[in-house]
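Novice: Residue numbers for the sequence shown follow numbering that gives the first Met the number 0, so the first one is 0 and each next one is one higher. From the three backbone atoms N, C-alpha and C, an ideal C-beta is built for every residue, glycine too.
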Amino acid sequence: MQALNNKQVVKASLACLASIFVLGTTSQVNHGGEFLFSPVSVNAQTVSPEDQAQKILGQLVELYPETPLPNHILTAQSPEFLSAATTGQEKDGKFKILYYATENPIDLDDTKVNNLQPLASFEKVTYPDKNQAQEAVNQVIDPNGQEIDLGYGIIGYQNGGAGSRFTYWQEGNWALGVRTPNMENAEFIELPYQVVTYLEEHLLPAPRDKGQISLDEGAASDLGVNQIIWQEDNIVYSISHVDPMAAIIMATSITEAAE
Numbered sequence: 000m001q002a003l004n005n006k007q008v009v010k011a012s013l014a015c016l017a018s019i020f021v022l023g024t025t026s027q028v029n030h031g032g033e034f035l036f037s038p039v040s041v042n043a044q045t046v047s048p049e050d051q052a053q054k055i056l057g058q059l060v061e062l063y064p065e066t067p068l069p070n071h072i073l074t075a076q077s078p079e080f081l082s083a084a085t086t087g088q089e090k091d092g093k094f095k096i097l098y099y100a101t102e103n104p105i106d107l108d109d110t111k112v113n114n115l116q117p118l119a120s121f122e123k124v125t126y127p128d129k130n131q132a133q134e135a136v137n138q139v140i141d142p143n144g145q146e147i148d149l150g151y152g153i154i155g156y157q158n159g160g161a162g163s164r165f166t167y168w169q170e171g172n173w174a175l176g177v178r179t180p181n182m183e184n185a186e187f188i189e190l191p192y193q194v195v196t197y198l199e200e201h202l203l204p205a206p207r208d209k210g211q212i213s214l215d216e217g218a219a220s221d222l223g224v225n226q227i228i229w230q231e232d233n234i235v236y237s238i239s240h241v242d243p244m245a246a247i248i249m250a251t252s253i254t255e256a257a258e
């Protein structure tokens, strides 16, 4: 999957560790005219971010086979190796995955990630009934404010306050909201247009009945502020990412075949 030119491109990161054993001639012993060669163990690391990503993503599919999972998590600016930590087998309709971008390949659920900051997350929560799931989505629809044309026939509503500008719009069962910090002489807010343009070519999961996307252009290091959450009957799925556009790409990768 390739993002549009003015979008942040998210790439899947990767690599696998292999051990190769070869016979060497460094240890030759002459026993009755016969040379016996002692094997020499050589560890070789094949640095393949693609293989690492496929390994981690494949293990997650095996762990949660009933749930479609995202397959694009990393960004062009993050370290290239993908790792993840999980809450283990799904229990009572719940599980959570934390995704990490690392400088070196790290196995799934390795304690090495304990001191690292996650790049993204994916969570499934099952509620007792549909109404409680709908409340958890907490959809926000705000048709007030100045109308703006976001393209493709989509009208947004923009208002400001407390040093920020907010843009709200709807696409199907999805409600979307973007917060942008006020900047001096800023007349154009780019992210809402990027999101609308990207979603013309890439599909979000279809919520039943409600979905909410909340993005923040001003808090790139905070995992919780960029959230995509949607309902399927009494089940709620949510995605968080430190990068707002990467959160969108991560969510749409659920509906697309893994590369």
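1) Please return the same chain residues whose Cβ sits closer than 8 Å to the Cβ of ALA135, not counting the five positions on each side in sequence.
2) By Cβ distance below 8 Å, which residues in the same chain neighbour GLN131 in space, the five residues on each side in sequence not counted?
3) Runs of 4 residues minimum, wholly inside the stretch 217 to 255: which ones carry the alpha helix (DSSP H) assignment?
4) For the alpha helix (DSSP H) containing ALA135, list its first residue and its last residue.
5) Using the three-state DSSP reduction, which class does VAL109 fall into: helix, strand or coil?
6) Going straight from the alpha carbon of ILE188 to that of ARG164, what length do you get?
7) Whole angstroms are fine: how far does the CA of LEU202 sit from the CA of TYR151?
8) Pair every Cβ in the stretch 241 to 252 with every Cβ in the stretch 137 to 148, then say whether three or more of these pairs are closer than 8 Å.
9) Just how far apart, CA to CA, sit GLN269 and ALA205?
10) Give the secondary structure of LYS93 by DSSP, where H, G and I count as helix, E and B as strand, and everything else as coil.
11) Identify whether ASN172 lies in helix, strand or coil by the three-state DSSP scheme.
12) Is the CB-CB distance between LEU118 and TYR99 below 9 Å?
13) Going by DSSP, what residues sit across from ASN158 in a beta bridge?
14) Using 9 Å as the threshold, is the C-beta distance between TYR197 and ILE153 below it?
15) Would you list the one or two residues that DSSP bridges to TYR99?
16) List the endpoints of the continuous alpha helix (DSSP H) containing LYS54.
Specialist: By the coordinates alone:
1) VAL124, TYR126, ILE228, GLN230, VAL235
2) ASN233
3) 243 to 251
4) 129 to 136
5) As written in the sequence, residue 109 is Asp, which differs from the Val given in the question. In this structure, ASP109 counts as coil in the three-state DSSP scheme.
6) 9 Å
7) 15 Å
8) no
9) Residue 269 lies beyond the stretch modelled for the chain, which goes from 0 to 258, so this question has no answer here.
10) strand
11) coil
12) yes
13) Paired residue(s): PHE165.
14) No, these two residues do not count as a Cβ contact at 9 Å.
15) SER82
16) 48 to 62
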